[in-house]
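First to last, the protein sequences are chains S and V.
Per my numbering, residue 37 is the first one in the first sequence, and the count goes up by one each step.
Per my numbering, residue 4 is the first one in the second sequence, and the count goes up by one each step.
The structure appears right after this line, and notes come after that.
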Amino acid sequence: MSRPIFNPQLTPLGDLRHLLGIEGLGRPILEEILSTAETLVDSSNGTTRKVPLLRGKTVANLFFENSTRTRTTFELAAKRLSADVLNINVAASATSKGETLLDTLRNLQAMQCDMFVVRHSASGAAHFIAQHVEPHISVINAGDGQHAHPTQALLDMYAIRKFKGDLSQLKVVIIGDLLHSRVARSQIHALNILGVGELVTVGPKTLLPEHFRELGARVEHNLDPALANADVIITLRLQRERMKSASLPGQDEYFQCYGLTQRRLQLASPDAIVMHPGPTNRGVEIEASVADGPQSIILDQVRCGIAVRMAVMSITMGNVERALHENKQ
Amino acid sequence: MKADRHYSPSETALWLNTMTASLLELTHGEQPVMLGVKTGGVTVAKHLYSAMELATPPGELNISFYRDDFSRIGVHPQVGPSHIPFPVDEQTIILVDDVMYSGRTVRAAMNEIFDYGRPNRILLAVLVERSGRELPIRPDVTGRKLDLDANQNIKLSEDFSLEIKQR
């Protein structure tokens, strides 16, 4: 048997301590997060429950990059776990006055924070922070550059399982700018770890290089045939700045080739679901009537995000506590 | 050191009969509902429910969110969510577990119940009450009291045989 590779996300016992990316996590860890999320939803009305698991803990939302949806659902998740929450808009605070990232961290540690939820435009930022925090702190990656957005991928897995059941029976198609998408990378890892039946990525050659095959996805550049028998269609946000670069001829042409329209949706399975990590560009990557249509679960994804983030926070914090307790003995 | 023991299903059936009789007496004239603590308590609750011929099948409680040992064992709610198929408000609830030891599980179970409403009263029924209480909580109905060493484990099987073994 080969020795497991060192993974900075895990405690010496192999439990999840930080959530930095999906890559390298075992299927049992992902399953544990998803089943914990299920128990946090009140089955009678579908809302997430308020529980005291993180009472006395302080969660700092460190957003070096703007995000409303992700920050808000992390904040709600922490509050439903009874934690205290600090929202720090780092872009507008000390770093703009020249304080280094490590100094900002040391200050927050001095304020007795227990968890950092980090969003940063640089890939690897959450790893960097995780390497420098004290042993009682857990770090959750809320999106780093083009690298990873693990909680988004997990909530998507939760939503897919909820609406479509067993992943091994499903064909999933991811459409759009995969090259720059941290969401897509995390989704591909998560889908493969959880044993998806068939995974196809579709996009223009400039935004979907052939090497995505190595991540474990089929690479296609022609959308219509790729949609045949699809059970899950994930559209990705097209970032406007890509339009200005040489990657794309223009918004209209992109929509013609890769926009998810009513006509195209009919090429997929009749009960296929449509997903989007948000925010959506209507008329660019998705037709408005599809985004608002009966097959769209875009708003359900947001709802699932709270339970999944609660699960991640309570599992990591619990494992940190347990590791500290065992060290003391 | 106290000896290990095995109780057969026919022995535990006697305890369950006593419990059924006591519960019927305590809830005379009422229509109680039953909640079993996952997972052992659910097995016992199902038996008592049919023995008492109650109208509503028992619900299931997952107490993970109210355990007081989060800092030692972390969160491990691997038993699935609570399932309470009836309104809790103004009910007489029979809370059922297989073994009561420190009383901490019962405290957590009551917290979980109150998330769903305000019952009129809660009765506690346990198949085995073992020595070692740490909280001021006592069962109303007990199948059998057992005086065991701290390193002895009780395991209830689906067929209601009971195994007492050194850890």
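Think of the CB as a built atom: it goes at the ideal place given N, C-alpha and C, for glycine as much as any other residue.
Predicted model, so just to flag it, every value in this text is computed and none were measured.
- Three or more Cβ pairs closer than 8 Å define a contact, and the stretch 234-253 of chain S falls short of that threshold against the stretch 174-192 of chain S.
- With contact defined as three or more Cβ pairs closer than 8 Å, the stretch 55-68 of chain V and the stretch 58-66 of chain S are not in contact.
- Taking CB atoms only, His54/S has no neighbour in chain V less than 8 Å away.
- Within its own chain, the residues whose Cβ lies closer than 6 Å to the Cβ of Asp100/V, once the five positions on either side in sequence are excluded, are Val40, Gly44, Val129, listed in chain order.
- Secondary structure of Ala153/V (DSSP, three-state): coil.
- In this chain, the alpha helix (DSSP H) harbouring Lys49/V covers 43-55.
- When 8 Å is used as the limit between beta carbons, Arg85/S is near these residues of chain V: Phe68, Asp118, in chain order.
- Neighbours of Asn65/V in chain S, taken as residues whose beta carbon is under 8 Å from its own, are Thr75 in chain order.
- The beta carbon of Phe89/V sits no closer than 8 Å to any beta carbon of chain S.
- Secondary structure in the stretch 148-213 of chain S: the beta strand (DSSP E) runs of 3 residues or longer, each lying completely within the stretch, are 151-156, 174-180, 207-211 in chain order.
- If you compare the alpha carbons of Ala264/S, Leu55/S, Val310/S with that of Pro330/S, the shortest gap goes to Val310/S.
- Judged by DSSP in its simplified three-state form, Gln302/S adopts coil rather than helix or strand.
- Look at the stretch 105-141 of chain V and you find these whole runs of beta strand (DSSP E), each 3 residues long or longer: 124-133.
- Straight across, the Cα-Cα distance linking Asp192/S with Asp260/S is about 23 Å.
- Contact between the stretch 103-121 of chain S and the stretch 339-353 of chain S is established, with three or more Cβ pairs separated by less than 8 Å.
- Counting only runs of 3+ residues, the beta strand (DSSP E) found wholly inside the stretch 306-363 of chain S occupies 309-311, in chain order.
- For chain V, none of the residues of the stretch 166-191 of chain S brings a beta carbon within less than 8 Å of one of its beta carbons.
- Uninterrupted beta strand (DSSP E) stretches at least 3 residues long and entirely within the stretch 63-116 of chain S occur at 94-99, given in chain order.
- Taking a cut-off of 8 Å on C-beta distances, the stretch 14-29 of chain V touches the stretch 142-155 of chain V, as three or more cross pairs fall below it.
- Apart from sequence neighbours up to five positions away, the residues of its chain that approach Gln148/S with a beta-carbon distance below 7 Å are Thr94, ordered along the chain.
- Of the candidates Pro84/V, Leu159/V, Tyr69/V, Arg75/V, the residue whose Cα lies closest to the Cα of Glu63/V is Pro84/V.
- For Arg116/S, the nearest beta carbon of chain V is not closer than 8 Å to its own beta carbon.
- Pairwise C-beta distances place the stretch 46-57 of chain S in contact with the stretch 169-176 of chain S, as three or more of them are shorter than 8 Å.
- Rounded to whole angstroms, Arg70/V and Leu89/S show a C-alpha spacing of 9 Å.
- Proximity to Gly252/S across Val232/S, Cys293/S, Lys198/S peaks at Val232/S, based on C-alpha coordinates.
- Contact annotation: Asn97/S and Ile124/S have beta-carbon atoms nearer than 8 Å.
- Residue-level contact by beta carbon holds for Arg358/S and chain V, with a gap shorter than 8 Å.
- Here His86/V is bridged, per DSSP, to Glu63/V.
- Residue-level contact by beta carbon fails for Asn43/S and chain V, as no gap is shorter than 8 Å.
- Against chain V, the beta carbon of Leu89/S has neighbours under 8 Å at Phe68, Phe73, Val78, listed in chain order.
- Annotation for Glu166/V: the continuous beta strand (DSSP E) segment containing it runs 165-169.
- Residue range 218-229 is occupied by the alpha helix (DSSP H) that includes Asn228/S.
- Separation of Gln188/S and Tyr194/S (C-alpha to C-alpha, rounded to the nearest whole angstrom) is 10 Å.
- One thing to note: Tyr290/S has its Cβ no nearer than 8 Å to the Cβ of Leu296/S.
- Not a single C-beta of chain S is nearer than 8 Å to the C-beta of Gly39/V.
- For the options Thr106/S, Leu203/S, Asn228/S, Glu68/S, the alpha carbon positioned closest to that of Gly179/S is the one of Thr106/S.
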